[in-house]
Amino acid sequence: MLTVHGDGPVPAGRLRGILRVTPIVWRGGVLAEAEAEASTLPVNLGEVQHQITVEPTTLVFRIPVSLPEGVGWKVVLQPDLDPKLEVAVAATGNQGTFWNWTVRLASDPHRPRYHFLPAANWMNDPNGLIQFNGEYHLFYQHNPNGPFWGTIHWGHAVSRDLVRWTHLPIALAPELGKPDWNGVWSGSAVNANGVPMVFYTGVSPEVVNVAVGDENLRTLAKYHANPVVAGPPQGFRVTGFRDPFVWRDGDDWYMVIGSGIQGSGGTVLLYRSRNLYDWEFLNPLYVGRREETGEMWECPNFFRLGDKYVLLVSTLGKTLYFVGTYSDYRFVPEVQGATDYGPNFYAALTMEDERGRRIMFGWLPEGRSEQAQRAAGWAGVMSLPRVLSLRPDGTLEFRPAEEVETLRGSHFGVSGVTVGADSSYCLAYPLPGAGGSEDSEGRQLEIQVEFEKSEARRYGIKVRTSPEGDEQTLIYYDAEMGQVYVDRQSSSLSPDAHRGVSGGPLQIEPGEPLRLRVFVDGSVVEVFANDRIVITSRIYPTRADSTGIEVFAEGGDVTVESLDVWEMKSIWSE
Numbered sequence: 094m095l096t097v098h099g100d101g102p103v104p105a106g107r108l109r110g111i112l113r114v115t116p117i118v119w120r121g122g123v124l125a126e127a128e129a130e131a132s133t134l135p136v137n138l139g140e141v142q143h144q145i146t147v148e149p150t151t152l153v154f155r156i157p158v159s160l161p162e163g164v165g166w167k168v169v170l171q172p173d174l175d176p177k178l179e180v181a182v183a184a185t186g187n188q189g190t191f192w193n194w195t196v197r198l199a200s201d202p203h204r205p206r207y208h209f210l211p212a213a214n215w216m217n218d219p220n221g222l223i224q225f226n227g228e229y230h231l232f233y234q235h236n237p238n239g240p241f242w243g244t245i246h247w248g249h250a251v252s253r254d255l256v257r258w259t260h261l262p263i264a265l266a267p268e269l270g271k272p273d274w275n276g277v278w279s280g281s282a283v284n285a286n287g288v289p290m291v292f293y294t295g296v297s298p299e300v301v302n303v304a305v306g307d308e309n310l311r312t313l314a315k316y317h318a319n320p321v322v323a324g325p326p327q328g329f330r331v332t333g334f335r336d337p338f339v340w341r342d343g344d345d346w347y348m349v350i351g352s353g354i355q356g357s358g359g360t361v362l363l364y365r366s367r368n369l370y371d372w373e374f375l376n377p378l379y380v381g382r383r384e385e386t387g388e389m390w391e392c393p394n395f396f397r398l399g400d401k402y403v404l405l406v407s408t409l410g411k412t413l414y415f416v417g418t419y420s421d422y423r424f425v426p427e428v429q430g431a432t433d434y435g436p437n438f439y440a441a442l443t444m445e446d447e448r449g450r451r452i453m454f455g456w457l458p459e460g461r462s463e464q465a466q467r468a469a470g471w472a473g474v475m476s477l478p479r480v481l482s483l484r485p486d487g488t489l490e491f492r493p494a495e496e497v498e499t500l501r502g503s504h505f506g507v508s509g510v511t512v513g514a515d516s517s518y519c520l521a522y523p524l525p526g527a528g529g530s531e532d533s534e535g536r537q538l539e540i541q542v543e544f545e546k547s548e549a550r551r552y553g554i555k556v557r558t559s560p561e562g563d564e565q566t567l568i569y570y571d572a573e574m575g576q577v578y579v580d581r582q583s584s585s586l587s588p589d590a591h592r593g594v595s596g597g598p599l600q601i602e603p604g605e606p607l608r609l610r611v612f613v614d615g616s617v618v619e620v621f622a623n624d625r626i627v628i629t630s631r632i633y634p635t636r637a638d639s640t641g642i643e644v645f646a647e648g649g650d651v652t653v654e655s656l657d658v659w660e661m662k663s664i665w666s667e
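In structure tokens:
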């Protein structure tokens, strides 16, 4: 282990050649940006000296203005058991560790490369989605202190193209003595006549707070008279009160807050304001049935889409949607569905961008043991951006944003392949004619496959397959059930990985092909079926050769009209 000690809160002097540390004065502390240089360093492990290559990366961390006596700074370079390289920056001293952020510089095979996630530690709900001055802003629930839920802050990232992101400093942090002392929980953002404003849940207890952004939305200043909504309305026995979603309609602003009525069901509470600071409670927008959709609705979204209104709520591990009509401050649903039928998608949040698209992100929680995620040093991934539209039958259509296609690299394609009953057509990595990439190693792919309508009982593809098939993830259509399934029963040999089968309804019309669009990114698998349903799962293969792709059929032949595979590029500056 090589340890380099600094002299103070910004240890630039003794770290030259390893890290460049740039201090910036910031509210509540000093912001330091540490950039690792691409260089080879000698590291002594016992009596053996190793040469370790440090790849370029950037760490952003906050340093308190005044540190307790005896606290010093150190940078530790330490290979772990894999061995992968970690760089840890920590404030330590005789009173324990006050801050710690670890960034893995070497490749973790389960860590996505073209999905957004923070540099390290915990992430959950997307927050404050907004396009402002041409830039997309993504805030998110974040624990900067470890890969587990707690001490929730708002992380912040910005993008010009919706897929390639730049990390920014933490946007909002809990403050002792303030109405967010126990956490800065979820909320939304609006453009108020050129001024960006965010509305968020402060705890404890649950209240609605406001913060105002600067002209470029790089910092947020909390409103001095927070909270703007001090709790649930009188006369309701609610199950919770959180996650404000705000929009403008005419001269007025409206807000829905996730809640539930004890004994009845989940609900969203509707408020109105003229100035975004003084809010009037109107009524519950809609109350669900406890037996069907639970007793607490989180992360509500309410927006117009075409000639209908859409309500999104997160409950019972899923984000549901309702499509219907809205008048006199009441919503009447006509159609209900799920935004995602997988086990690893929750807390969806939408925004309307400058092109008028309704764009949705969701949180992809881990699908492995807490012990495994703590060992990894990170937890939580953001979904790819999905564009929502209304179908003629009143259901929602889900497509990956077109910007995702700019990440495509080398390509392989076949067409007109017939797969016999109870057999498969196999592709092994590297893909023939596609070159192959050391960065991808078959773990970062987009797969598009179109099947002719078949009499086969089941047909689909397998991804992340090992040569012997002891690790594989199945994605298939079951004609008898009228369902698309993702089967993770054999996705991993690790006892830490979750297993199961998840599915959603898809009635294929006469003459309609089955079209699957599958995104594989480390431990993430997002499946879009005919743009009508999505199934998102997390998988953790253990074998380095679990990179194969197979097309298979059971109970009949199936013809593959087309199969296209792209290696996907990283969204981070390399």
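Just so we're aligned, residue 94 is where the sequence shown starts under this note's numbering, counting upward by one.
Ideal Cβ placement from N, Cα and C applies to all residues, glycine included.
Could you check which residue in the options has the C-alpha nearest to that of residue i?
{"i": "E605", "options": "N623, S616, V497 and H591", "result": "N623"}
{"i": "I568", "options": "Y578, K662 and E647", "result": "Y578"}
{"i": "S357", "options": "E385, A465, H591 and L375", "result": "E385"}
{"i": "M475", "options": "P202, H208, H203 and R204", "result": "H208"}
{"i": "P289", "options": "V321, E463, V339 and P267", "result": "V339"}
{"i": "V507", "options": "I540, V497, R484 and I628", "result": "I540"}
{"i": "Y316", "options": "A304, F334 and Q327", "result": "A304"}
{"i": "G410", "options": "F438, E543 and V480", "result": "F438"}
{"i": "Q327", "options": "L375, Y570 and F454", "result": "L375"}
{"i": "P202", "options": "G615, W247 and S663", "result": "G615"}
{"i": "D515", "options": "V618, H230 and G648", "result": "G648"}
{"i": "V331", "options": "N302, N319 and W390", "result": "W390"}
{"i": "G287", "options": "K271, G306 and G596", "result": "G306"}
{"i": "A440", "options": "S655, A285 and R335", "result": "R335"}
{"i": "V428", "options": "D486, Q466 and R448", "result": "D486"}
{"i": "T432", "options": "N394, P325, G381 and I354", "result": "N394"}
{"i": "V480", "options": "I626, Q537, R382 and S281", "result": "I626"}
{"i": "G669", "options": "S281, I628, L413 and T566", "result": "The question about residue 669 has no answer here: the residues shown for the chain are numbered 94 through 667."}
{"i": "L457", "options": "T360, R450 and V618", "result": "V618"}
{"i": "Y434", "options": "E373, Y379, L599 and W215", "result": "L599"}
Assign residue i to one of two classes, buried (16 or more other C-beta atoms within 10 Å of its C-beta) or exposed (fewer than that).
{"i": "V651", "result": "buried"}
{"i": "M574", "result": "exposed"}
{"i": "S297", "result": "exposed"}
{"i": "V168", "result": "Note that V168 has pLDDT 37, beneath the 50 cutoff, so the model's placement of it is unreliable and no number is given."}
{"i": "E299", "result": "buried"}
{"i": "C519", "result": "exposed"}
{"i": "P603", "result": "exposed"}
{"i": "K555", "result": "buried"}
{"i": "G243", "result": "exposed"}
{"i": "P436", "result": "buried"}
{"i": "Q582", "result": "exposed"}
{"i": "A314", "result": "exposed"}
{"i": "T499", "result": "exposed"}
{"i": "E660", "result": "buried"}
{"i": "R341", "result": "exposed"}
{"i": "Y414", "result": "buried"}
{"i": "R382", "result": "exposed"}
In the DSSP assignment, the beta strand (DSSP E) including residue i goes from what residue to what residue?
{"i": "E373", "result": "E373 to V380"}
{"i": "N284", "result": "G276 to A285"}
{"i": "Y439", "result": "Y439 to E445"}
{"i": "M389", "result": "No beta strand (DSSP E) holds M389; DSSP gives it neither H nor E."}
{"i": "T360", "result": "G358 to S366"}
{"i": "F645", "result": "G641 to E647"}
{"i": "P211", "result": "Neither: P211 is in no beta strand (DSSP E) and is coded neither H nor E."}
{"i": "E534", "result": "Neither: E534 is in no beta strand (DSSP E) and is coded neither H nor E."}
{"i": "G410", "result": "Looking at the DSSP string, G410 is not in any beta strand (DSSP E), and its letter there is neither H nor E."}
{"i": "P337", "result": "V331 to D342"}
{"i": "P426", "result": "R423 to A431"}
What are the boundary residues of the alpha helix (DSSP H) that residue i is part of?
{"i": "E385", "result": "R383 to T386"}
Spell out a yes or no on whether the segment 210–228 and the segment 298–315 are touching, meaning 3 or more CB-CB pairs, one atom from each, closer than 8 Å.
The segment 210–228 makes contact with the segment 298–315; the number of CB pairs closer than 8 Å reaches 3 or more.
Identify every run of the alpha helix (DSSP H) within the segment 453–498, keeping only runs that are complete inside it and at least 4 residues long; order them along the chain.
Scanning the segment 453–498 for uninterrupted alpha helix (DSSP H) segments of 4 residues or longer gives 463–469, listed from N- to C-terminal end.
Determine contact between the segment 552–571 and the segment 633–650, defined as no fewer than three beta-carbon pairs at a distance below 8 Å.
yes
Report yes or no: do three or more beta-carbon pairs, one from the segment 293–301 and one from the segment 270–280, lie closer than 8 Å?
yes
Beta strand (DSSP E) segments (min. 3 residues) lying fully within the segment 575–618
Counting whole runs of 3 or more residues, the segment 575–618 contains the beta strand (DSSP E) stretches 576–580, 594–598 and 607–614.
Check whether the segment 230–240 touches the segment 492–499, counting contact only when three or more Cβ pairs, one atom from each stretch, lie closer than 8 Å.
At 8 Å Cβ cutoff, the stretches do not touch.
Does the segment 341–350 touch the segment 367–375, meaning 3 or more C-beta pairs lie closer than 8 Å?
yes
Are at least three pairs of beta-carbons, each pair with one atom in the segment 499–514 and one in the segment 605–614, less than 8 Å apart?
no
Just list the beta strand (DSSP E) runs in the segment 538–575, keeping only unbroken ones of 3 residues or longer that don't cross its boundaries, in chain order.
551–558 and 566–571
Going residue by residue through the segment 300–328, where are the continuous beta strand (DSSP E) segments of at least 3 residues, counting only ones entirely within it?
300–306 and 313–315
Which runs of the beta strand (DSSP E), 3 residues or longer, sit entirely within the segment 206–269?
214–225, 228–236, 246–252 and 259–265
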